[in-house]
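I have placed the structure first, in the form of structure tokens, so that the comments after it can refer back to it.
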Amino acid sequence: MAQAIDVKGKLQVGPSPHVRSKRTAAWVMDQVLIALIPPTLAATFFFGWWVLGMVAIGIGTAVASEFIYQKLTYKPIKIQDHSAAVTGMLVALSLPVTAPIWMIMFGSIFAIVIVKQLNGGIGRNYFNPAVAARVVIKALFTPWLANWVLPGGLLGSGFRGVDAIGSATPLEFIGNGAQVVPEQVPGLFDLFMGFNLGGNVGETSKFAILIGMLYLIFRRVINPKVPILYILTTFVVMGLWSSFDWNFQMTHILTGTLFFGATYMATDYSSGSLTPEGKTVFAIGCGVLTAVFRITLDHPGGVGYSILIMNALAPFIDSKLMPRIYGHKTRPQTKFDRQSTN
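At position 322 of the sequence shown (counting the first as 1) the number is 322 in the numbering used here, and the numbers step up by one without a gap.
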């Protein structure tokens with residue numbers, strides 16, 4: 001529609017929609033970056049200043065990878081939307097402090113180039129790039145990820161600010177068919193705050209992640225029912241498995257990547273469900289799969305696998321739960337429906 005000018009030549013009316021909003025892609029990504037500050041600060045407190053180095057490497061590699069790829073393929077440069085920075089930060093925080101530099105760089109490059117850009121860029125990736133990179137790293141480089149250390153704090157020994165005390169993650173004691181919490185697992189308060197807990201740096205303090213979650217909910221960046229239903233479903237399934245042992249259920253909720261994944265990864269716009277009912281199914285599906293994987297598998301990683309599986313199912317879920325337009329007897333046909341009927 002061409003622009004129209006009123007009789008006095010002052011009022012100009014452009015094409016619809018006539019909506020002005022600051023909620024651009026860059027604004028949304030900035031909110032996620034802000035929400036990642038609390039777990040980053042907590043990780044720095046527990047594991048030392050090297051955490052900030054990991055984050056810098058992750059962000060720098062992700063942004064550079066996106067810029068170089070778009071430059072070489074003659075596509076518009078989109079690094080100003082800050083989505084690559086979010087991905088790089090998530091990759092870095094999804095690794096232990098002992099992870100070598102090349103692993104952080106590999107994860108960021110894989111997430112940006114293979115998962116995101118080859119699928120069309122921001123908004124077109126079927127899988128969450130950071131989750132996919134995390135799962136691939138775990139599958140290919142487990143020996144380098146098994147060297148967990150207990151937090152040493154800012155005053156810890158060594159270059160990376162940690163005391164090199166080998167440690168197993170609590171999830172290794174309560175997974176693979178376990179129904180009780182052994183004595184080796186820290187108490188619920190320690191698990192919530194992140195004290196004396198080995199693991200990936202960003203997921204250590206659930207208290208810090210909760211602050212980030214509440215910020216994203218308050219800013220209306222994420223739908224609160226996704227992380228809440230994800231965590232609650234895992235809690236319920238673990239209750240069914242353990243005859244509703246409260247300590248066992250809460251230990252699973254506060255252990256591993258569940259809080260981190262539910263807050264920053266399962267809420268991804270591009271790879272998650274878009275319809276209201278679809279978000280509910282997506283979140284519940286993530287929770288059920290996470291609990292099942294933790295019960296049956298002999299190693300951690302259920303959150304990553306669960307989110308990727310539900311990412312793959314998200315288009316199908318939305319195609320079946322698309323709301324019906326008022327006044328129409330049938331719901332609108334989606335791209336998934338058209339592909340399945342051809």
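Here a beta-carbon is modelled for each residue, glycine too, at the ideal position from N, C-alpha and C. As the structure is a computational prediction, the values presented were derived from the model and not from experiment.
Have a look at residue i and residue j and give me their C-alpha separation to the nearest angstrom.
i       : j       : result
Met-213 : Leu-254 : 15 angstroms
Ser-306 : Ile-57  : 27 angstroms
Asn-223 : Ser-83  : 19 angstroms
Ala-42  : Leu-52  : 11 angstroms
Gly-175 : Ile-295 : 5 angstroms
Phe-127 : Gly-121 : 12 angstroms
Leu-191 : Pro-182 : 14 angstroms
Pro-320 : Gly-123 : With the sequence shown as reference, residue 320 is identified as Lys, and Pro is not the correct amino acid for it. Lys-320 and Gly-123: Cα-Cα distance of roughly 21 angstroms.
Thr-169 : Ala-85  : 28 angstroms
Thr-61  : Thr-257 : 23 angstroms
Val-115 : Ile-109 : 9 angstroms
Phe-47  : Phe-141 : 21 angstroms
Leu-197 : Gly-301 : 17 angstroms
Ile-68  : Leu-118 : 13 angstroms
Phe-316 : Ser-273 : 9 angstroms
Pro-38  : Phe-260 : 12 angstroms
Taking only three categories from DSSP, how would you classify residue i?
i       : result
Lys-138 : helix
Glu-183 : coil
Trp-50  : helix
Asp-268 : coil
Val-396 : Summary: the structure shown does not reach residue 396, with the chain confined to residues 1 through 342, and so no result is reported for it.
Lys-71  : helix
Gly-194 : coil
Leu-207 : Residue 207 is actually Phe in this sequence, not Leu. Looking at Phe-207 - three-state DSSP - the assignment turns out to be helix.
Pro-38  : helix
Ser-242 : coil
Ser-94  : coil
Ala-85  : helix
Ser-108 : helix
Arg-219 : coil
Pro-129 : helix
Report, in whole angstroms, the separation of the C-beta atoms of residue i and residue j, which I expect to be a contact under 8 angstroms.
i       : j       : result
Gly-139 : Ala-111 : The question names Gly, yet the displayed sequence has Ala at residue 139. Actually they do not touch by this definition, with Cβ atoms about 14 angstroms apart.
Thr-234 : Ala-291 : 5 angstroms
Thr-40  : Gly-199 : Going by Cβ atoms, the distance from Thr-40 to Gly-199 rounds to 15 angstroms, so no, they are not a contact pair.
Asp-81  : Ala-25  : 4 angstroms
Ala-314 : Ser-271 : 7 angstroms
If I measure Cβ to Cβ from residue i and keep anything under 6 angstroms in the same chain, skipping five residues before and after, which residues do I get?
i       : result
Tyr-230 : Ala-262, Ala-266, Ala-283, Cys-286, Gly-287
Met-310 : Phe-282, Gly-285, Cys-286
Ile-137 : Gly-107
Glu-277 : Leu-321
Pro-323 : none
For residue i, which residues in the same chain have their Cβ closer than 7 angstroms to its Cβ, ignoring the five residues on either side in sequence?
i       : result
Gln-184 : Phe-173
Arg-219 : Gln-31
For residue i, which residues in the same chain have their Cβ closer than 8 angstroms to its Cβ, ignoring the five residues on either side in sequence?
i       : result
Leu-297 : Gly-175, Asn-176
Ile-104 : Met-54, Ile-57, Gly-58, Thr-61, Val-91, Ala-92, Leu-95
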